[in-house]
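Here the structure is laid out as structure tokens; the discussion comes afterwards.
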Amino acid sequence: MASTLPGTDRLACLFIVPEATTNLGNVLPRWTQSHLSAPAIIITPNPEDDIVAAIRLAKENDLNIVPGGGGHDTFTTIDNKTAYLDLKNFNDIQLDQASSTVRLQAGVRTGNLLKYEGWRVEQYAERETCG
Numbered sequence: 001m002a003s004t005l006p007g008t009d010r011l012a013c014l015f016i017v018p019e020a021t022t023n024l025g026n027v028l029p030r031w032t033q034s035h036l037s038a039p040a041i042i043i044t045p046n047p048e049d050d051i052v053a054a055i056r057l058a059k060e061n062d063l064n065i066v067p068g069g070g071g072h073d074t075f076t077t078i079d080n081k082t083a084y085l086d087l088k089n090f091n092d093i094q095l096d097q098a099s100s101t102v103r104l105q106a107g108v109r110t111g112n113l114l115k116y117e118g119w120r121v122e123q124y125a126e127r128e129t130c131g
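In UniProt numbering, the protein residues as written are 1 to 131.
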């Protein structure tokens, strides 16, 4: 898909510039389609440097940045003035049981955390939702 958004040539990560006819459910998974229309760009950063590049691109194109982790935020409007950052690659979990602390990156889903410890929530076990 050819990009018409200036600055995308400087992105080293995966990105999509959806067209108005794009089925957003296939490229922007959220649990609801409420308040959702095609964003200007969907960026999937991998190292932190990609986030910096995405912020620069958004600023240069006067786009609002919406970071997405689990896709459960129903009250954030996504539209053609949005640069959506899909943070699914930022899914590191650091669990220190001795100090009872957990450090999570922004893309960790609840299900990922539960599976990390070998736990299950029975109501989600069959459907594999929330993770």
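Glycine residues also receive a C-beta, built at the ideal position from the N, C-alpha and C atoms.
What's the C-alpha gap between Lys115 and Pro18?
-> 33 angstroms
Every unbroken beta strand (DSSP E) within the segment 6-83, with a cutoff of 3 residues, ordered by chain = If only complete runs of 3 or more residues are kept, the segment 6-83 shows the beta strand (DSSP E) at 14-16, 41-44, 64-68, in order along the chain.
Compute the Euclidean distance between the alpha carbons of Thr8 and Ile42, then round it to the nearest angstrom.
-> 11 angstroms
Tell whether a beta-carbon distance below 9 angstroms holds between Val108 and Gly68.
-> no
Does the beta-carbon of Ala12 have 16 or more other beta-carbons within 10 angstroms, so that it is buried, or is it exposed?
-> exposed
By how many angstroms is the C-alpha of Leu87 removed from the C-alpha of Gln105?
-> Going from the Cα of Gln105 to the Cα of Leu87 covers about 9 angstroms.
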